[in-house]
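Mapping of the sequence shown onto UniProt numbering: position 153 corresponds to residue 153, and the numbering continues sequentially without gaps.
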Amino acid sequence: MSKLTRREFIAVSSLTAGFAIAVQPISAKVITTTSKGLIAGEVKIPVSDGTIPAYRAQPARGKNFPVILVIQEIFGVHAHIQDVCRRLAKLGYLAIAPELFYRQGDVSKLADIAQIRPIVSKVPDAQVFADLDATVEWAAKSAQGDIQKLGITGFCWGGRITWLYAAHNPKVKAGVAWYGKLVGESTELTPKHPIDIAKNLQVPILGLYGGKDTGIPLETVEQMREQLKGCSVTSEIVVYPEAPHAFNADYRPSYRQKEAEDGWKRLKAWFKKNGV
1 MSKLTRREFI
11 AVSSLTAGFA
21 IAVQPISAKV
31 ITTTSKGLIA
41 GEVKIPVSDG
51 TIPAYRAQPA
61 RGKNFPVILV
71 IQEIFGVHAH
81 IQDVCRRLAK
91 LGYLAIAPEL
101 FYRQGDVSKL
111 ADIAQIRPIV
121 SKVPDAQVFA
131 DLDATVEWAA
141 KSAQGDIQKL
151 GITGFCWGGR
161 ITWLYAAHNP
171 KVKAGVAWYG
181 KLVGESTELT
191 PKHPIDIAKN
201 LQVPILGLYG
211 GKDTGIPLET
221 VEQMREQLKG
231 CSVTSEIVVY
241 PEAPHAFNAD
251 YRPSYRQKEA
261 EDGWKRLKAW
271 FKKNGV
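This is the structure:
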């Protein structure tokens, strides 16, 4: 692999077919959505320095599908994120999850979260935004997507990106952020966090958070609520008092079925309400 150029490496990289190694063993409660009636699988997204892999799912029949960007957790675009895409495709969406870490490394092959964090920490927000812009362009040109009806949803790391990309691209009609970090240090790679863009946000975001999330203090959730009050659009934050972090991750012990199902219902209603 070291003999390949950067462009060649990106071009031949592929998504994992299963779950990230770091999340083994897999819970018996894992949800598996069939691809029957769908076009689903890996695609390549042209970006500024080559291509990146992405998972795409959409109805097998029809055209001009509303587009939803699905943003990964720190474990990459593994089986769970791919299944979320299929769930959305069953609702009539073109759902696409680009692998946003691949320039920095393939996290799905790493056995420990301590190995994953240093890779994720090297991913610049600017790179993520550019790759998502390219994904939106691909959806319009190559996949019969209607980007006038553009939504975004993300989990954990992707929850933070959901807030930030909605601020970056006002063409997004609505977003749903699942337990995304709201407050953090400003660095060269991550200059802003959701709390910093809240007052000027022009896209309605639904935030779904766990009251027992040890990584996202409730006081930061309340700070975000306060900042959102001055927006020209109405966003909403829902806190599930007994839920931990990653309560929608049905493949992990953190999964909470009741809260996950309620969050999914809210997601569907939020997108419909806001024209996605």
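Each residue gets a CB set at the ideal place from its N, CA and C atoms; glycine is no exception. Treat the numbers as computed from the prediction; the structure is a model and nothing was measured.
Could you compute how far the alpha carbon of residue i sits from the alpha carbon of residue j?
{"i": "I68", "j": "Q223", "result": "28 Å"}
{"i": "S121", "j": "L100", "result": "12 Å"}
{"i": "T33", "j": "G76", "result": "19 Å"}
{"i": "A174", "j": "A167", "result": "11 Å"}
{"i": "F271", "j": "W264", "result": "11 Å"}
{"i": "L91", "j": "A126", "result": "31 Å"}
{"i": "L110", "j": "S235", "result": "36 Å"}
{"i": "A60", "j": "L132", "result": "23 Å"}
{"i": "R7", "j": "T51", "result": "Its pLDDT being 42, under 50, R7 is placed unreliably in this model, and the value from its coordinates should be taken loosely. Between R7 and T51, the C-alpha separation is close to 8 Å."}
{"i": "P191", "j": "I113", "result": "24 Å"}
{"i": "L228", "j": "S142", "result": "36 Å"}
{"i": "S35", "j": "A17", "result": "14 Å"}
{"i": "Y93", "j": "Q257", "result": "23 Å"}
{"i": "K273", "j": "K171", "result": "16 Å"}
{"i": "G37", "j": "W138", "result": "22 Å"}
{"i": "I237", "j": "E226", "result": "11 Å"}
{"i": "A57", "j": "V233", "result": "30 Å"}
{"i": "C231", "j": "W163", "result": "14 Å"}
{"i": "P204", "j": "R160", "result": "15 Å"}
{"i": "L206", "j": "Q115", "result": "31 Å"}
{"i": "residue 277", "j": "E188", "result": "Because the chain here runs from 1 to 276, residue 277 falls outside it and cannot be looked at."}
{"i": "residue 332", "j": "G62", "result": "This structure does not reach residue 332, given that the chain is present from 1 up to 276, and the question cannot be answered."}
{"i": "Q202", "j": "I152", "result": "14 Å"}
{"i": "A269", "j": "K199", "result": "24 Å"}
{"i": "A28", "j": "E259", "result": "18 Å"}
{"i": "D106", "j": "N169", "result": "27 Å"}
{"i": "V221", "j": "N248", "result": "18 Å"}
{"i": "V128", "j": "Q24", "result": "27 Å"}
Within a Cβ cutoff of 7 Å, which residues of the same chain sit near residue i, ignoring the five residues on either side of it in sequence?
{"i": "G211", "result": "L218, V239, Y240, P241, E242, A243"}
{"i": "I119", "result": "F101, Q104, G105, V107"}
Which whole-angstrom value is the C-beta distance of residue i and residue j, which I expect to be below 8 Å?
{"i": "D146", "j": "N64", "result": "4 Å"}
{"i": "S108", "j": "I21", "result": "7 Å"}
{"i": "L208", "j": "Y165", "result": "Not confirmed; about 17 Å, so no contact."}
{"i": "D213", "j": "H193", "result": "Rounded, the Cβ-Cβ distance is 16 Å, inconsistent with contact."}
{"i": "V30", "j": "K149", "result": "Not confirmed; about 30 Å, so no contact."}
{"i": "L267", "j": "V176", "result": "5 Å"}
{"i": "Y55", "j": "I81", "result": "7 Å"}
Kindly list the residues whose CB is nearer than 6 Å to the CB of residue i, restricted to its own chain and excluding five residues on each side of it in sequence; keep chain order.
{"i": "D262", "result": "none"}
{"i": "Y134", "result": "In the sequence as displayed, the identity of residue 134 is Ala instead of Tyr. For A134, where only same-chain residues beyond five positions count, the Cβ hits under 6 Å are I45, V47."}
{"i": "A140", "result": "I147"}
{"i": "V136", "result": "I147"}
{"i": "Q144", "result": "K63"}
{"i": "P124", "result": "L189"}
{"i": "A79", "result": "G18, F19"}
{"i": "C85", "result": "Y55, A57, V70, A95, A97"}
For residue i, which beta-bridge partners are listed by DSSP?
{"i": "D146", "result": "P66"}
{"i": "residue 287", "result": "Here the chain comprises residues numbered 1 to 276, so residue 287 is not present and cannot be evaluated."}
{"i": "E259", "result": "E259 is not bridged to any residue."}
{"i": "T153", "result": "V70, V176"}
{"i": "V238", "result": "L208"}
{"i": "L91", "result": "Per DSSP, none; premise fails for L91."}
Leaving aside the five residues before and after residue i along the sequence, list all residues of the same chain whose C-beta is less than 8 Å from its C-beta, in chain order.
{"i": "P53", "result": "S13, S14, L15, E42, V43, K44, I45, V77, P98, E99, Y102"}
{"i": "A130", "result": "V47, S48"}
{"i": "P66", "result": "G92, Y93, L94, G145, D146, K149, L150, G151, F271, V276"}
Inset, instruction - Flag this pair as touching only if the segment 39–47 and the segment 245–259 have three or more C-beta atom pairs under 8 Å; answer yes or no. - result: With a cut-off of 8 Å, the segment 245–259 and the segment 39–47 do not count as touching, because too few Cβ pairs lie within range.
Legend entry - At least three beta-carbon pairs within less than 8 Å, the segment 173–184 to the segment 97–117: As far as the Cβ criterion goes, the segment 173–184 does not touch the segment 97–117, which means the pair count is below three.
Inset, instruction - Could you tell me whether the segment 73–90 touches the segment 155–168, using the rule of 3 or more Cβ pairs below 8 Å? - result: Touching, yes, given that three or more Cβ pairs across the two stretches are closer than 8 Å.
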